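Chemist: As given, the protein sequences belong to chains A and B, one line each in that order.
Heads up: the first sequence begins at 0 in numbering that gives the first Met the number 0, then just goes up one per residue.
Heads up: the second sequence begins at 0 in numbering that gives the first Met the number 0, then just goes up one per residue.
Built from N, CA and C at the ideal position, the CB exists for glycine as well.
Nothing here was measured: the structure is a model prediction, and the numbers come from that model.
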Amino acid sequence: MGKETQNTGIETTAMATRDAYGEALLELGKKRKDIVVLDADLSGSTKTGKFAKAFPDRFFNIGIAEQDMIGTAAGLALSGKLPFASTFAVFETGRAWEQVRQTICYSNLNVKLVATHGGISVGEDGASHQATEDIALMRVLPNMTVIVPADAFETRLVIHAIADYCGPVYVRLGRSNVPAVMPGDYKFSIGKGYTFSTGKDVNIVATGIMVSIALEAARILTMEGIHTGVINMSTVKPLDTKTLLRVAKACRLVVTAEEHSIVGGLGGAVSEFLSETHPVHVLRIGLKDAFGCSGRPEELMKHYGLTAEDIVRTIKETLTSI
Amino acid sequence: MHGKNSGKRDIPFLRKQAKLVRVEILKMLTLAGSGHTGGSLSAADIVTALYFSKMRYKPDDPGWKERDRFILSKGHAAPLLYAVLAMAGYFDRSMLKTLRKLGSPLQGHPCSRVLPGVEISTGSLGQGLSVSNGIAIGLKMDNLSSRVYCLLGDGEIQEGQVWEAAMTAAHYKLDNICAIIDLNGLQIDGPVSKVKAIEPVASKWSAFGWNVIDIDGHDMKEILEALDEAETVKGKPSIILAHTIKGKGVSFFEGKVEYHGISPTPEELEKALKEMEAHG
Chain A
0 MGKETQNTGI ETTAMATRDA YGEALLELGK KRKDIVVLDA DLSGSTKTGK FAKAFPDRFF
60 NIGIAEQDMI GTAAGLALSG KLPFASTFAV FETGRAWEQV RQTICYSNLN VKLVATHGGI
120 SVGEDGASHQ ATEDIALMRV LPNMTVIVPA DAFETRLVIH AIADYCGPVY VRLGRSNVPA
180 VMPGDYKFSI GKGYTFSTGK DVNIVATGIM VSIALEAARI LTMEGIHTGV INMSTVKPLD
240 TKTLLRVAKA CRLVVTAEEH SIVGGLGGAV SEFLSETHPV HVLRIGLKDA FGCSGRPEEL
300 MKHYGLTAED IVRTIKETLT SI
Chain B
0 MHGKNSGKRD IPFLRKQAKL VRVEILKMLT LAGSGHTGGS LSAADIVTAL YFSKMRYKPD
60 DPGWKERDRF ILSKGHAAPL LYAVLAMAGY FDRSMLKTLR KLGSPLQGHP CSRVLPGVEI
120 STGSLGQGLS VSNGIAIGLK MDNLSSRVYC LLGDGEIQEG QVWEAAMTAA HYKLDNICAI
180 IDLNGLQIDG PVSKVKAIEP VASKWSAFGW NVIDIDGHDM KEILEALDEA ETVKGKPSII
240 LAHTIKGKGV SFFEGKVEYH GISPTPEELE KALKEMEAHG
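What follows is the structure, encoded as structure tokens:
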């Protein structure tokens with residue numbers, strides 16, 4: 000955690016969403032005795048270790064066995080507990096996908112899958128540890144809710160909200176610090192996007208760490224005369240179609256921005272909905288059907304064209320061709 | 000009701016029940032026109048012993064917290080589970096004829112969302128023991144003495160997740176779990192020993208920290224004694240290796256790999272019922 004000053008001149012607090020998760024779990028653990036936490040040997044990285052230290056009797060390390068962790072979480076839910084199961088996103092959603100499908104979603108169990116290390120901002124560990132398909136993998140499962148918070152503050156709200164919601168939920172968190180973007184009076188509710196502003200020319204629908212980057216891109220574009228709005232679509236499923244339709248009708252170009260493959264994630268969800276209801280040009284920002292690689296997070300964002308400057312350039316190019 | 004352990008140690012009664020269970024399995028599979036005959040018949044004695052002697056449950060209150068749990072990890076033996084649940088009173092026996100039909104709660108593989116008495120949806124192999132572990136941990140946290148029984152197939156233990164779960168149960172000393180393997184020796188592609196050998200099964204489980212009990216899975220007395228022994232072992236989970244015959248109870252299905260995944264024809268059903276009647 001640390002203070003940093005963005006180009007906007009506003010001082011914001013940067014904190015990784017995984018750190019906010021660790022703190023929110025602690026708060027919940029004190030409040031609710033039915034909460035149990037499972038991890039697969041990554042409790043230091045996922046920050047569930049804080050809960051483990053405070054409530055050792057309600058923490059279960061299943062070892063390096065993600066499939067077994069999902070099944071064990073299901074069993075705990077069946078005995079009336081509220082399990083939060085955490086590991087890296089690539090293992091939680093990839094290694095254990097069919098366990099999530101069969102045992103959690105098909106049976107519609109009240110299990111919370113909160114994964115960290117989503118996206119390429121994982122950095123140096125490289126593609127094996129960077130989940131860039133997880134939103135897609137979880138989104139296709141019936142009964143599943145998919146949430147990607149934009150900053151630490153929203154993460155805390157999300158963790159509290161999903162504890163009060165009954166049903167399977169996947170929450171994708173990140174490893175690196177992200178600036179605080181959500182206003183202090185923001186209230187999260189599942190399935191509701193937050194509109195920072197509605198653009199007359201362009202609207203960027205973003206999730207996760209791409210929200211802060213989209214805000215910067217929108218600021219630059221608007222300054223240059225391209226009126227651009229930003230929507231934090233933290234719940235990817237169920238999609239806030241009302242907000243989406245409203246902003247799509249207001250502009251010429253809808254842009255999706257996610258730290259994920261452009262296939263099947265937020266870009267996929269938005270395109271599917273708009274192509275059926277309000278066909279409008281959609282530009283998808285994300286990994287172009289590619290794996291990540293090693294590098295510093297900020298280098299990788301540049302390498303894959305996910306910086307504010309990249310988004311500005313791509314939007315301008317698209318606007319000239321439509 | 001079986002709110003308390005029904006406790007019937009009446010072996011002739013249980014043998015008769017097992018036969019009725021087999022009759023129901025054959026009838027429903029014939030009507031369905033598809034389904035898994037061999038592995039439903041091989042485990043019939045074990046599951047009969049559980050539901051009509053060992054386990055505590057209340058069919059009119061399927062969510063009763065103190066019930067013993069049965070997890071059918073080998074979900075393809077759904078007809079066996081359905082027959083037993085119907086006979087135990089969870090739902091009307093007439094529902095059995097809807098097996099695998101559109102709109103029926105008796106899905107091809109068990110679905111907990113639609114059928115009371117089914118603890119968890121299974122069918123994709125290798126997942127039931129992990130779920131059993133989670134339930135067992137939850138029961139211990141709540142200081143409940145209920146037990147968790149998990150039935151696995153022998154081919155099923157080729158799934159890696161089973162061994163992850165085996166380690167978890169031993170690590171957390173889940174002595175309220177009793178796993179049972181239906182060792183009928185056959186899987187879809189042929190004998191388990193030829194497809195991918197699992198032996199030595201007993202020493203594998205004991206090396207994983209389990210108390211291992213080896214029995215004849217068709218001998219009602221041995222089944223009951225094994226279930227009792229499992230309950231007395233503390234500090235580690237128990238597993239019963241139940242040696243069985245695939246298709247047990249119908250001479251022309253016994254030991255035939257072809258009947259793993261197909262249902263009897265109406266003619267075969269008639270022949271089977273006659274044969275079972277003749278044997279008393």
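(1) For the segment 40 to 60 of chain B, enumerate the residues whose C-beta is nearer than 7 Å to any C-beta of chain A, in chain order.
(2) Report the residue ranges of all beta strand (DSSP E) runs contained in full by the segment 129 to 178 of chain B; include only those spanning at least 3 residues, in chain order.
(3) Using Cβ-Cβ distances below 8 Å, what residues of the segment 73 to 95 of chain A are close to chain B?
(4) Return yes when the Cβ of residue 204(B) is within less than 9 Å of the Cβ of residue 240(B), no when it is not.
(5) Exposed or buried, residue 146(B), counting other C-beta atoms within 10 Å across all chains shown (16 or more means buried)?
(6) Going straight from the alpha carbon of residue 278(B) to that of residue 14(B), what length do you get?
(7) Under three-state DSSP, which class holds residue 302(A)?
(8) Does the structure place the segment 36 to 44 of chain B close enough to the segment 114 to 129 of chain B that three or more beta carbon pairs sit under 8 Å?
(9) Rounding to the nearest angstrom, what Cα-Cα distance links residue 248(B) and residue 73(A) in this structure?
(10) In chain B, what lies closer than 7 Å to residue 67(A) by C-beta?
(11) Quick check: what's the CA-CA separation for residue 61(A) versus residue 97(B)?
(12) Does DSSP put residue 6(A) in a helix, in a strand, or in coil?
(13) In terms of residue numbering, what span does the beta strand (DSSP E) encompassing residue 81(A) cover?
(14) Quick check on DSSP: helix, strand or coil for residue 117(A)?
(15) Using a Cβ cut-off of 9 Å (strictly closer), state whether residue 65(B) contacts chain A.
(16) With a cut-off of 9 Å, does the C-beta of residue 70(A) fall near any C-beta of chain B?
(17) Got a sec? Which residues, its chain only, sit under 6 Å from residue 264(A) by beta carbon, not counting five neighbours each side?
(18) Suppose you measure from the CA of residue 9(A) to the CA of residue 298(A); what does that come to, to the nearest Å?
(19) Measuring only between beta-carbons, confirm whether residue 110(B) sits less than 9 Å from chain A.
(20) Am I right that residue 160(B) and residue 259(B) are in contact with their C-beta atoms under 8 Å? What's the rounded C-beta distance?
(21) Give the DSSP bridge partners of residue 185(B), in chain order.
(22) Count the C-beta pairs between the segment 119 to 129 of chain A and the segment 163 to 178 of chain A that are closer than 8 Å, then say yes if the count reaches three, no if not.
(23) Among 153(A), 223(A) and 127(A), which has the Cα closest to the Cα of residue 193(A)?
(24) For the segment 45 to 61 of chain A against the segment 182 to 196 of chain A, are there 3 or more C-beta pairs whose distance is under 8 Å?
(25) Name, please, each residue of chain B whose Cβ falls closer than 8 Å to the Cβ of residue 105(A).
(26) Checking the sheet assignment: what are the DSSP bridge partners for residue 212(B)?
(27) Assess, as a yes-or-no matter, whether the segment 219 to 229 of chain A is touched by the segment 266 to 284 of chain A under the definition of 3 or more beta carbon pairs within less than 8 Å.
(28) With a threshold of 16 other CB atoms inside 10 Å of the CB of residue 14(A), please say whether the residue is buried or exposed.
(29) Can you check whether the C-beta of residue 219(B) is within less than 9 Å of a C-beta belonging to chain A?
(30) Is there a Cβ of chain A sitting closer than 9 Å to that of residue 134(B), yes or no?
(31) Please confirm if the segment 188 to 198 of chain B is in contact with the segment 90 to 101 of chain A, defined as three or more CB-CB distances below 8 Å between the two stretches.
(32) Hey, how far is the Cα of residue 119(B) from the Cα of residue 48(A)?
(33) How many angstroms separate the CA atom of residue 221(B) from the CA atom of residue 242(B)?
(34) Mind checking who residue 236(A) pairs with in its DSSP beta bridge?
(35) Determine the contact status of residue 37(A) and residue 68(A), defining contact as a CB-CB distance below 9 Å.
(36) What is the DSSP secondary structure of residue 169(A), reduced to helix, strand or coil?
Modeler: Let me spell this out:
(1) none
(2) 147 to 152
(3) 73, 74, 75, 76, 77, 78, 79, 80 and 82
(4) yes
(5) buried
(6) 12 Å
(7) helix
(8) no
(9) 35 Å
(10) 129, 160, 163, 164 and 167
(11) 40 Å
(12) Bear in mind that the predicted position of residue 6(A) carries a pLDDT of just 44, short of 50, making it unreliable; the figure below should be weighed with that in mind. Three-state result, residue 6(A): coil.
(13) 81 to 85
(14) strand
(15) no
(16) yes
(17) 134, 135 and 257
(18) With a pLDDT of only 43 at residue 9(A), under the threshold of 50, the placement of this residue in the model should not be trusted; the figure read from the coordinates follows. Roughly 24 Å between the two C-alpha positions.
(19) yes
(20) At roughly 21 Å, the Cβ-Cβ gap does not stay under 8 Å, so residue 160(B) and residue 259(B) are not in contact.
(21) 190(B)
(22) yes
(23) 153(A)
(24) no
(25) 110, 112 and 120
(26) 239(B)
(27) no
(28) buried
(29) no
(30) yes
(31) no
(32) 29 Å
(33) 11 Å
(34) 145(A)
(35) yes
(36) strand
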